[in-house]
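Trainee: Per the working numbering, numbering of the sequence shown is gapless, rising by one per residue and ending at 177. Where is the CB? At the ideal position from N, CA and C, for every residue including glycine. Dropping a structure here in structure tokens format, bear with me for questions.
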Amino acid sequence: MRVVHINNPRQREACLARLCAEAYGQEAGLRPLATFAGTLGVLVKQEAARVLALVDDQSHPVALALLVLDELGSSMTVMLLAELDQDPQQEGVVRPAERLVAELALKAPLRVDAVDAEQVARFRDAGITRWLDGKAGVRIGLGPKHPATSVEDLPRALTFDEEAVIQSFKRDRPQFDDYKARFIRGLETFPATL
-16 MRVVHINNPR QREACLARLC AEAYGQEAGL RPLATFAGTL GVLVKQEAAR VLALVDDQSH
44 PVALALLVLD ELGSSMTVML LAELDQDPQQ EGVVRPAERL VAELALKAPL RVDAVDAEQV
104 ARFRDAGITR WLDGKAGVRI GLGPKHPATS VEDLPRALTF DEEAVIQSFK RDRPQFDDYK
164 ARFIRGLETF PATL
């Protein structure tokens, strides 16, 4: 089992499309497409986003994560995280999303945001042991390599305005069609191995 940083543009698009689809589910409307477009059109262009996968011993991806740099470039925030269905014929990886977070936390100054006790417990199981109280009840977990000691020390993660992306889709039909086609192509060409 190992962590793979997906640099190939086609594979990155395919993995990002799958990650957005898995993270948001079927009933999410335009949100998965807006996240896909904003990530590619803003964060990837700024070299502020990384798509990573945990692969099993046969190189099959079992979990995906989108990490985004903070505005100072000193840490990374897990923005999306998803487990992938595993082949029931093979011995699977137990709790692959937590395993991916645990591996990333050992190597990078990692931040996670948890909105409920279940997410806090899940990230604790992945080795995130330092917790801060964020805004609106969000708990902020910091990996062992994260330099912050208080909420005031935390630089903001780079982001994009999801609503602005959705509005741009409404104004620019060719752009919407392009991202939609890339999203669908990504889902169809998701790599079996990495």
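State the Cα-Cα distance for the pair T112 and Q158, rounded to the nearest angstrom.
Mentor: 42 angstroms
Trainee: Rounding to the nearest angstrom, what Cα-Cα distance links L35 and A119 in this structure?
Mentor: 28 angstroms
Trainee: Let's see if you can read the secondary structure: which residues bound the beta strand (DSSP E) around L50?
Mentor: 44 to 52
Trainee: I'd like the ranges of any alpha helix (DSSP H) spanning at least 4 consecutive residues and lying wholly in the segment 102 to 168.
Mentor: 145 to 154
Trainee: Taking Cβ to Cβ, would you say A6 is nearer than 8 angstroms to A65?
Mentor: yes
Trainee: Keeping to the same chain, check which residues put their C-beta closer than 7 angstroms to that of A131; ignore five residues upstream and five downstream.
Mentor: L125, L137
Trainee: If A46 and R82 are in contact, beta carbons under 8 angstroms, what's the gap, nearest whole angstrom?
Mentor: Rounded, the Cβ-Cβ distance is 7 angstroms, consistent with contact.
Trainee: Under the rule that 16 or more other beta-carbon atoms within 10 Å means buried, what is D39, buried or exposed?
Mentor: Of the residues assessed, D39 falls on the buried side of the cut-off, its CB having 16 or more other CB atoms within 10 angstroms.
Trainee: If you follow the alpha helix (DSSP H) that V179 is part of, which residue opens it and which one closes it?
Mentor: One cannot answer for residue 179 here, as it falls past the ends of the chain, which runs -16 to 177.
Trainee: Ignore the nearest five residues each way along the sequence and tell me which others in F122's own chain have a CB closer than 7 angstroms to its CB.
Mentor: Just to set this straight, residue 122 is Arg in the shown sequence, not Phe. The answer, listed in chain order, is A97, V103, W114, D116.
Trainee: Taking 6 angstroms as the limit between beta carbons, can you name the residues of its chain near R14, skipping five residues before and five after?
Mentor: Y7
Trainee: Just to confirm my understanding: we take V148, look at its own chain, exclude 5 residues before and 5 after, and list those with CB closer than 7 angstroms. What are they?
Mentor: The residues are A17, A20, G21.
Trainee: Here's the rule: buried if 16 or more other CB atoms are within 10 angstroms of the residue's CB, otherwise exposed. What is L55?
Mentor: exposed
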